[in-house]
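To start, the structure itself, in structure tokens.
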Amino acid sequence: MSDLDLKIWRGDPAGGELVAYRVPVLEGMVVLDAVLWVQANLAADLAVRWNCKAAKCGSCSAEIQGFPRLMCKTPIAEYGGKVTVRPMNAFPVIKDLVTDVSWNYEVNKQIPPFTPSEKDLSTSEPWRMQQKDVERVMEFRKCIECFLCQDVCHVLRNHDLKSAFYGPRYMVRIASLEMHPKDVLDRRPMLKEEAGVGYCNITKCCTEVCPEHIKITDNAIIPLKERMDDVYFDPVRSLINRLTGGGRKSTEG
Amino acid sequence: MNATSYETIETDVLVLGAGGAGLRGAIAAADAGARVVVVCKSLLGKAHTVMAEGGVAAAMHNVAYQDTWEVHFADTIKGGKFINDWRMAELHAKESPERVLELERWGAVFDRTWQGRIHQRPFGAHTYPRLAHIGDRTGLELIRTLQDRAVHTSGVDVNMEVTVFKLLKSEVGRIAGALAYRRSDGSLILYRCAAVLLATGGAGKMYRVTSNSWECTGDGTALAYDAGAQLRDMEMVQFHPTGMVWPSGVRGILVTEGVRGEGGVLRNNGGERFMERYDPERMELSSRDVVARAINSEVLAGRGSPHGGAYLDITHRKPEFIKSKLPSMYEQFLKLAKVDITKQPMEVAPTIHYAMGGVRVEAETGATTVAGLYAAGEVASGLHGANRLGGNSLSDLLVFGKRAGDAAGLVAKADPKAAQANIDLAEVDQAIAELTAPFSRPAGENPYQLQAEIQEVMSVHAPIVRDAPGLKAGLEKILDLAARSRTCGTGGTNSRAFNPGWHTAHDLHSMLVNAEALLRCALERKESRGAHARSDHPDTNDQLTSINYVVERTPDGMQVRTERRPPMPEYLAEAVRRSYARYTPEEME
Numbered sequence: 564m565s566d567l568d569l570k571i572w573r574g575d576p577a578g579g580e581l582v583a584y585r586v587p588v589l590e591g592m593v594v595l596d597a598v599l600w601v602q603a604n605l606a607a608d609l610a611v612r613w614n615c616k617a618a619k620c621g622s623c624s625a626e627i628q629g630f631p632r633l634m635c636k637t638p639i640a641e642y643g644g645k646v647t648v649r650p651m652n653a654f655p656v657i658k659d660l661v662t663d664v665s666w667n668y669e670v671n672k673q674i675p676p677f678t679p680s681e682k683d684l685s686t687s688e689p690w691r692m693q694q695k696d697v698e699r700v701m702e703f704r705k706c707i708e709c710f711l712c713q714d715v716c717h718v719l720r721n722h723d724l725k726s727a728f729y730g731p732r733y734m735v736r737i738a739s740l741e742m743h744p745k746d747v748l749d750r751r752p753m754l755k756e757e758a759g760v761g762y763c764n765i766t767k768c769c770t771e772v773c774p775e776h777i778k779i780t781d782n783a784i785i786p787l788k789e790r791m792d793d794v795y796f797d798p799v800r801s802l803i804n805r806l807t808g809g810g811r812k813s814t815e816g
Numbered sequence: 002m003n004a005t006s007y008e009t010i011e012t013d014v015l016v017l018g019a020g021g022a023g024l025r026g027a028i029a030a031a032d033a034g035a036r037v038v039v040v041c042k043s044l045l046g047k048a049h050t051v052m053a054e055g056g057v058a059a060a061m062h063n064v065a066y067q068d069t070w071e072v073h074f075a076d077t078i079k080g081g082k083f084i085n086d087w088r089m090a091e092l093h094a095k096e097s098p099e100r101v102l103e104l105e106r107w108g109a110v111f112d113r114t115w116q117g118r119i120h121q122r123p124f125g126a127h128t129y130p131r132l133a134h135i136g137d138r139t140g141l142e143l144i145r146t147l148q149d150r151a152v153h154t155s156g157v158d159v160n161m162e163v164t165v166f167k168l169l170k171s172e173v174g175r176i177a178g179a180l181a182y183r184r185s186d187g188s189l190i191l192y193r194c195a196a197v198l199l200a201t202g203g204a205g206k207m208y209r210v211t212s213n214s215w216e217c218t219g220d221g222t223a224l225a226y227d228a229g230a231q232l233r234d235m236e237m238v239q240f241h242p243t244g245m246v247w248p249s250g251v252r253g254i255l256v257t258e259g260v261r262g263e264g265g266v267l268r269n270n271g272g273e274r275f276m277e278r279y280d281p282e283r284m285e286l287s288s289r290d291v292v293a294r295a296i297n298s299e300v301l302a303g304r305g306s307p308h309g310g311a312y313l314d315i316t317h318r319k320p321e322f323i324k325s326k327l328p329s330m331y332e333q334f335l336k337l338a339k340v341d342i343t344k345q346p347m348e349v350a351p352t353i354h355y356a357m358g359g360v361r362v363e364a365e366t367g368a369t370t371v372a373g374l375y376a377a378g379e380v381a382s383g384l385h386g387a388n389r390l391g392g393n394s395l396s397d398l399l400v401f402g403k404r405a406g407d408a409a410g411l412v413a414k415a416d417p418k419a420a421q422a423n424i425d426l427a428e429v430d431q432a433i434a435e436l437t438a439p440f441s442r443p444a445g446e447n448p449y450q451l452q453a454e455i456q457e458v459m460s461v462h463a464p465i466v467r468d469a470p471g472l473k474a475g476l477e478k479i480l481d482l483a484a485r486s487r488t489c490g491t492g493g494t495n496s497r498a499f500n501p502g503w504h505t506a507h508d509l510h511s512m513l514v515n516a517e518a519l520l521r522c523a524l525e526r527k528e529s530r531g532a533h534a535r536s537d538h539p540d541t542n543d544q545l546t547s548i549n550y551v552v553e554r555t556p557d558g559m560q561v562r563t564e565r566r567p568p569m570p571e572y573l574a575e576a577v578r579r580s581y582a583r584y585t586p587e588e589m590e
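Protein chains in written order, with this note's numbering: chain A, 564 to 816; chain B, 2 to 590.
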């Protein structure tokens with residue numbers, strides 16, 4: 564097989580450029596193999612994150628030919644001898660293909676954790692849940708936190724509204740808590756305010772790049788928007804809720 | 002930035018590693034009232050625990066009412082070929098159900114039985130269906146649950162992408178701190194603490210074909226050894242029977258035992274279900290050492306698949322069943338090998354997977370032989386003996402992560418001044434000089450080249466079946482590589498900012514300590530037992546059943562000595578005896 568013409572963005576916060584490498588091709592090679600070959604043979608200081616190499620940890624996110632993907636899951640055969648790899652664009656560069664994704668971890672801390680009822684917490688009996696009830700959240704819990712959905716989201720990527728919108732990953736996270744059969748906390752006030760679910764205008768780019776095939780927009784964001792609308796934009800229910808205080812514990816107070 | 006300046010961070014308990022054991026330990030130590038800093042080499046949530054697929058073993062008897070902790074204990078001891086620390090195996094079998102249920106109360110979502118209980122699947126060498134699971138991504142669920150619990154536990158801080166390169170002791174020999182560098186900019190940190198909990202995982206990266214990631218370089222084992230702690234059973238490394246073999250780029254990636262648990266069968270190139278010849282009773286669900294050697298033997302006998310493995314076939318199950326029970330396997334083969342496992346068999350071969358040996362710990366507390374130093378999870382030794390059963394690693398992390406975290410937290414609380422103990426600053430300077438030395442050797446060897454040579458030596462000289470001449474030759478080569486590694490460079494520029502060449506130069510030391518200890522112990526154990534097979538000593542020697550090999554650092558270098566384990570108390574011996582009578586195939590139905 565012939566060589567691969569691999570261009571990798573090299574640089575740091577001060578700037579950088581695409582550097583070309585020639586990589587001998589092996590059958591079934593993925594982009595990460597080629598990048599690691601460069602690191603071992605041509606550029607020992609090439610910065611790249613990776614761990615499992617099996618699409619289970621979500622570390623090796625990058626933009627391959629301009630498209631956000633996991634490098635470990637992308638066969639170079641798809642590109643016919645030429646590939647360009649750049650770091651994720653929505654996050655500040657640290658070096659080469661490594662970006663500063665610490666903002667995501669800060670956002671996760673803001674989301675109130677799993678909160679079962681007092682009754683469920685105090686019982687000594689193991690909990691019972693039905694498979695069909697847990698399957699709803701299992702889709703969300705497949706998330707490997709590769710942050711490709713955050714990278715492609717135009718609210719974060721083009722408008723840099725990180726202060727206003729938590730991004731698709733954390734809509735999935737909130738959905739996994741809100742739809743958990745044993746969770747009783749109401750995160751709808753937070754969805755409207757801090758999490759900024761209203762910023763999503765359903766372009767579904769996040770769903771398209773998700774390596775775990777989570778239907779982020781259809782199954783997480785739209786149901787969350789509907790839940791929030793129920794509280795804040797349905798006039799009758801809004802009045803009832805205001806009078807009764809709603810059925811769930813609120814994230815406010 | 003001054004090349005030798007460092008930031009000082011004070012805490013009570015320093016946890017090294019953010020996999021299952023590290024996070025469970027951090028939560029436990031914080032619950033005991035200690036301040037905790039978790040240090041991890043990668044980003045939080047990426048630790049190797051995410052790779053665990055099949056499930057977590059716990060005798061909850063949700064599927065098989067006959068299951069008890071005694072049966073789980075006996076399975077673990079028999080699987081470990083009787084050299085396990087029996088007290089660890091007892092605690093593990095008794096406490097894992099509680100740890101699994103606790104995980105559920107922290108938000109983990111397991112697959113259910115029709116009555117709504119946690120479902121349990123059958124697995125190799127477990128008498129009853131025992132593995133609580135979430136499809137084939139149990140490790141991810143476990144780590145995400147613990148990660149969220151830890152970041153919302155007050156008193157727990159996480160320092161991501163930080164590597165510790167030396168443990169420091171006070172003048173009375175207690176652990177008092179650790180030196181580390183940040184990967185992002187190469188800046189240095191001096192941690193001062195009352196206790197260190199090692200939860201650094203395994204050392205699979207010293208082999209060429211492994212299911213482990215770049216991180217698994219045996220750092221904790223080497224840090225403990227350098228600090229004077231004892232290691233144990235280092236000859237015992239597990240070849241997982243089923244790793245991917247093709248394409249070459251994915252060679253070694255794990256194929257979960259869940260495939261066999263859900264009914265997958267192994268065949269050779271003649272279509273023969275060869276496990277009938279190796280273990281007619283348990284077949285594909287025999288213990289991992291047996292299945293791995295069986296595949297190895299088939300390949301050596303010329304009955305292997307085109308890329309040197311065996312066929313693993315689950316096509317007799319319905320496509321919907323396969324996709325729901327083994328979703329990530331379906332995806333992995335489709336994407337990486339262009340194989341649809343609902344229609345075609347997988348090609349699999351043994352891959353280095355797990356270190357049963359590691360730091361010697363006390364069963365109840367995870368305390369090592371150095372005061373203030375604890376270890377839990379894969380870096381610790383004892384629970385699994387000569388061979389680990391599938392599913393026993395996740396329960397190991399939970400049970401002993403908690404126990405070690407409890408103990409470290411209590412010690413730190415008992416002596417609030419311990420974190421301010423004196424540290425020899427000359428030792429600090431010396432360690433920093435060693436860490437940064439590769440920068441001053443522009444003509445030094447490329448660390449990636451040395452890493453590849455270590456992997457080559459271990460793959461050739463400590464393979465699935467070993468012999469004395471091979472091990473001896475391997476040891477000589479590893480000692481030679483250790484000398485060369487002390488003069489290696491960074492292989493590239495001298496920037497300290499995210500420089501993997503420099504990081505690798507440092508990782509070599511950990512890999513070499515693990516490799517040397519493995520080879521020395523493997524030479525000493527003149528028998529075949531569990532994962533340790535010797536062609537020159539093919540039989541198990543009953544005289545060695547009560548023997549463990551212990552590794553120590555001495556002024557003359559690494560020494561291995563034998564140690565006799567006290568016999569099991571009668572109630573445990575009885576549990577093992579009864580397990581032979583208990584198992585009948587009818588009961589499994």
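From the three backbone atoms N, C-alpha and C, an ideal C-beta is built for every residue, glycine too.
In the three-state scheme derived from DSSP, where H, G and I count as helix and E and B as strand, B:TYR182 is classed as strand. Among the bridge pairs identified by DSSP, B:VAL300 is matched with none. Relative to the Cα of A:ASN721, the nearest Cα in the group A:TRP572, A:ALA653, A:GLY643 belongs to A:ALA653. Runs of the beta strand (DSSP E) lying entirely within the segment 320-367 of chain B, each at least 3 residues long, are 347-356 in chain order. Sequence-ordered contacts of the segment 490-513 of chain B with chain A read THR491, GLY492, GLY493, THR494, SER496, ALA498, PHE499, ASN500, PRO501, GLY502 [C-beta pairs closer than 7 angstroms].
For B:ASN542, the number of other beta carbons within 10 angstroms of its own is below 16, and it is reported as exposed.
Residue environment for B:TRP87: buried (at least 16 other C-beta atoms within 10 angstroms of its C-beta). A check of alpha carbon separations from B:HIS538 across B:ALA469, B:ALA483, B:ALA518, B:GLU11 identifies B:ALA469 as the nearest. A straight line joining the alpha-carbon of A:SER739 with that of B:ALA65 spans about 30 angstroms. When B:GLN452, B:PHE499, B:LYS414, B:HIS533 are compared, the shortest CA-CA separation from B:LYS478 is found for B:GLN452.
Listed in chain order, the positions of the segment 611-627 of chain A with a beta carbon within less than 8 angstroms of a beta carbon of chain B are VAL611, ARG612, TRP613, ASN614, CYS615, LYS616, ALA617, ALA618, LYS619, CYS620, GLY621, SER622. Within its own chain, the residues whose Cβ lies closer than 6 angstroms to the Cβ of B:MET569, once the five positions on either side in sequence are excluded, are TRP87, listed in chain order. Taking 8 angstroms as the cut-off, the beta carbon of B:GLU517 is found no closer than this to the beta carbon of B:TYR550.
In the structure shown, B:SER155 falls within a coil segment according to DSSP collapsed to helix, strand and coil. Beta-bridge annotation (DSSP): B:GLN239 is paired with B:TYR355. Residue environment analysis places B:SER43 among the buried positions, since at least 16 neighbouring C-beta atoms fall within 10 angstroms of its C-beta. Listed in chain order, the non-local C-beta contacts of B:PHE83 below 6 angstroms within the same chain comprise THR546, local neighbours out to five positions each way being set aside. When beta bridges are read from the DSSP output, B:ASN549 appears opposite B:GLU564. As DSSP reads the structure, A:TRP572 sits in a beta bridge with A:LEU581. Here the alpha carbons of A:ASP792 and A:PRO798 stand approximately 10 angstroms from one another.
Bounds of the beta strand (DSSP E) holding A:PRO631 are 630-633. In the three-state reduction of the DSSP assignment, B:ARG521 falls in the helix class.
One Cα belongs to B:GLY310, the other to B:VAL51, and the distance between them is close to 25 angstroms. Comparing C-alpha distances from B:THR9 to each of B:ILE424, B:SER394, B:LEU472, B:THR77 shows the shortest one belongs to B:ILE424. Every alpha helix (DSSP H) of 4 residues or more that sits fully in the segment 16-85 of chain B is shown, in chain order, as 21-32, 70-80. Within the segment 387-430 of chain B, the complete alpha helix (DSSP H) segments of 4 residues or longer fall at 393-415, listed in chain order. Cβ-Cβ separation between A:CYS712 and A:ILE785: approximately 15 angstroms, too far for a contact (criterion under 8 angstroms). DSSP places B:HIS510 within a helical segment (H, G or I) once states are collapsed to three. When Cβ-Cβ separations below 8 angstroms define contact, A:GLU590 makes contact with chain B.
Proximity to B:GLY378 across B:ALA22, B:GLY46, B:GLY18 peaks at B:ALA22, based on C-alpha coordinates. For the pair B:PHE240 and B:ILE465, the CB atoms are nearer than the 8 angstroms cut-off. DSSP places B:ALA200 in no alpha helix (DSSP H); its state is neither H nor E. B:ILE455 has its alpha-carbon roughly 24 angstroms from the corresponding atom of B:LYS527.
When CB distances to chain A are screened at a threshold of 9 angstroms, the residues of the segment 127-150 of chain B falling below it are ILE135, GLY136, ARG138, GLY140, LEU141, GLU142, ARG145, THR146, GLN148, ASP149, ARG150, in chain order. Membership of B:GLU477 in the alpha helix (DSSP H) is indicated by the continuous run 469-486.
Comparing C-alpha distances from B:HIS134 to each of B:VAL256, B:ALA53, B:GLY174, B:HIS73 shows the shortest one belongs to B:ALA53.
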